[in-house]
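With the numbering used here, letter number 284 in the sequence shown gets 363, and the count goes up by one each step, no holes.
Glycine is no exception: its CB is placed at the ideal position from the N, C-alpha and C atoms.
Computed from a predicted structure; not experimentally measured.
Heads up, the thing below is written out as structure tokens.
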Amino acid sequence: MLPFKRLFSRQILRKERDELVVLCRNIFCSSQNSQKSATGTEKSESKRVDIIYNSDHVQLRESLRKIIDNEINPYVDQWEAEGHFPAKTVFKTLGSAGFLGVTKPTEYGGLGLDYTYSVAMGEELGYINCGGVPMAIGVQTDMATPALARFGSDKLKKEFLQPSISGDMVSCIGVSETGAGSDVASIRTKASRVGDDLVINGGKMWITNGSQADWMCLLANTGEGKAHQNKSLICLPMNLPGITIAKKIDKMGMRCSDTAQIYFEDVKVPRGNIIGEEGHGFMYQMMQFQEERLYAAAVLLSPLEKIIKETAKYTSERQVFGKPLLSNQVVHFKLAELQTEVELLRSLLYRAVALYIEGNDVTKLASMCKLKGGRLARELIDSCLQYWGGMGFTNEVLVSRLYRDFRLISIGGGADEVMLSIICKYMNTLPKQ
Ligand SMILES: Cc1cc2nc3c(=O)[nH]c(=O)nc-3n(C[C@H](O)[C@H](O)[C@H](O)COP(=O)(O)OP(=O)(O)OC[C@H]3O[C@@H](n4cnc5c(N)ncnc54)[C@H](O)[C@@H]3O)c2cc1C
């Protein structure tokens with residue numbers, strides 16, 4: 080197996096680098112990259128040292144890239160056709176190499192690194208030739224487990240976090256319901272206290288990894304008080320009596336990722352399965368959303384650049400009206416504009432992450448990353464698909480798959496309008512209700 084986990088068995092001191100050297104390397108790398116990009120070489124991106132990255136990040140990305148090239152990408156077309164990918168097998172491979180616990184505590188098998196490493200990993204996962212597998216991995220690393228790692232008891236961490244880091248368990252995050260998506264506070268699923276147990280009734284909708292998961296990080300109402308203070312996050316084993324996977328949802332994109340509707344009828348779990356303090360679940364979930372939103376932007380960067388490169392290559396070969404399509408100014412100017420937008424998203428993300436690892440509240444910037452990422456994905460992939468003509472409308476090219484897959488970014492994990500509302504709150508422009 081890959082050596083990355085061994086290399087990082089002790090926590091790495093982050094600020095041990097000479098900034099001048101990094102700056103010089105950046106200048107060198109960017110000129111190298113710009114030369115290589117004309118020929119469509121992708122690997123140079125993984126080797127890029129950048130504002131928040133040093134050579135350790137580069138090494139992490141290279142190790143992950145080997146797994147992607149050898150154990151994921153060769154099967155993606157098959158998984159997409161089948162509408163399913165084997166999460167347990169893929170997670171075991173990633174977990175054994177250390178990739179499911181990059182930022183998690185070392186006591187539970189994690190690497191104890193800071194969040195820049197999670198972003199580096201997200202960027203590299205973008206080289207997977209679909210959106211579904213990176214989304215499923217992100218659920219495990221950045222959506223279902225951050226609150227558990229931060230606030231969970233030692234017992235819960237041993238039972239759920241440790242095997243999620245090693246890849247022995249698949250997790251899912253249960254927030255959305257049929258009647259509550261954007262408005263998380265209005266969820267109806269209830270966990271009532273009966274002696275030392277909680278008895279759960281209700282249901283969750285749109286649950287990624289839902290039909291394969293061993294446990295769910297469940298948001299449920301555990302009290303009667305105010306909507307922001309009556310909820311708890313609960314570690315819920317998915318093999319308990321009373322849990323029904325009602326259906327696997329057939330979707331236009333993210334085809335290989337399983338998305339389930341799940342019902343709970345008198346499901347009993349110990350009260351000790353509550354993560355952190357009872358009644359703090361809404362707040363924990365809002366914190367957990369920060370990493371989800373940064374991850375969503377990180378995972379977009381590589382595929383968006385890849386689509387630009389593939390489009391440049393295709394249009395340079397495609398002859399229309401006796402000359403390469405790319406030689407029309409409208410085409411090469413558009414690609415230059417889109418590349419500029421990707422760099423803007425990258426800069427915003429790196430700034431948010433740099434502030435986040437220093438302990439700052441980056442709710443506003445993380446929301447901006449998610450908003451900008453979703454909108455840019457729609458504009459960029461749609462614009463590029465246009466230049467592929469009829470080929471862009473087939474299932475034979477990556478651009479059409481990503482057109483479908485990344486449409487989700489503006490909807491899932493908080494729609495664009497929810498991001499705008501959060502940004503307005505921070506700008507003090509949201510009307511009081
Ligand atoms: C493939 C997929 C995977 C998912 N995975 C998970 C998962 O693992 N776990 C989980 O808990 N959830 C998951 N979700 C759910 C996802 O987070 C929700 O779909 C999302 O939060 C939007 O909720 P909704 O679908 O109920 O839309 P609604 O809340 O009904 O909103 C509909 C639309 O209304 C608009 N809108 C919302 N608020 C406002 C406003 N204030 N002003 C104006 N317009 C507004 C937005 O455009 C929004 O898209 C997933 C969804 C999909 C499709």
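Given a cut-off of 8 Å on the beta-carbon distance, is the pair residue i and residue j in contact?
i      : j      : result
Leu450 : Met506 : no
Ile279 : Val346 : yes
Leu298 : Gly253 : yes
Val263 : Gln364 : yes
Ile488 : Gly453 : yes
Asn288 : Val378 : no
Leu277 : Met200 : no
Glu203 : Cys335 : no
Ile354 : Leu235 : yes
Thr195 : Tyr154 : no
Gly210 : Phe485 : yes
Phe361 : Lys310 : yes
Val476 : Ile460 : no
Ser243 : Ser250 : yes
Leu373 : Ala445 : yes
Evaluate residue i with the Cβ neighbour count: other Cβ atoms within 10 Å of its Cβ, from every protein chain shown; 16 or more gives buried, anything less gives exposed.
i      : result
Met331 : exposed
Asp221 : buried
Lys237 : exposed
Gly119 : Summary for Gly119: the model assigns pLDDT 41, below 50, so the residue's position carries little reliability, and this model does not support an answer.
Val273 : exposed
Gln69  : Since the first residue shown for the chain is 80 and the last is 512, residue 69 is missing from the structure and cannot be characterised.
Ser426 : exposed
Gln157 : exposed
Ala306 : exposed
Thr419 : exposed
Using the DSSP secondary-structure output, state which residues sit across from residue i in a beta bridge.
i      : result
Trp294 : Ser250, Pro316
Tyr342 : Gly282, Thr323
Pro403 : Gln398
Asn300 : Lys269, Lys310
Ile130 : Per DSSP, none; premise fails for Ile130.
His359 : Lys310
Of all the CB atoms in chain C, is at least one closer than 8 Å to the CB of residue i?
i      : result
Ser245 : Protein chain content of the structure displayed is limited to a single chain, and chain C is not contained in it.
If distances are taken between C-alpha atoms only, which option among the options comes closest to residue i?
i      : options                        : result
Leu291 : Gly246, Tyr194, Thr182, Gly492 : Note that residue 291 is Gln in the sequence shown here, rather than Leu. Ranking Gly246, Tyr194, Thr182, Gly492 by Cα distance to Gln291 puts Gly246 first.
Leu424 : Asp337, Glu150, Leu455         : Leu455
Leu417 : Asp129, Glu384, Leu173         : Glu384
Met295 : Lys326, Leu227, Glu357, Gly274 : Leu227
Glu186 : Ser232, Asn152, Gln157, Asn149 : Ser232
Pro349 : Asp329, Lys326, Tyr342, Leu319 : Leu319
Pro184 : Val169, Leu240, Ile130, Ala166 : Leu240
Thr390 : Glu357, Leu405, Phe400         : Leu405
Met366 : Glu256, Leu312, Lys171         : Leu312
Glu150 : His136, Asn208, Val198, Ile130 : Asn208
* Asked: Can you give, in chain order, each stretch of the beta strand (DSSP E) that sits fully within the stretch 212-282 and has at least 3 residues?
  -> DSSP runs (the beta strand (DSSP E)) wholly in the stretch 212-282: 250-253, 269-273.
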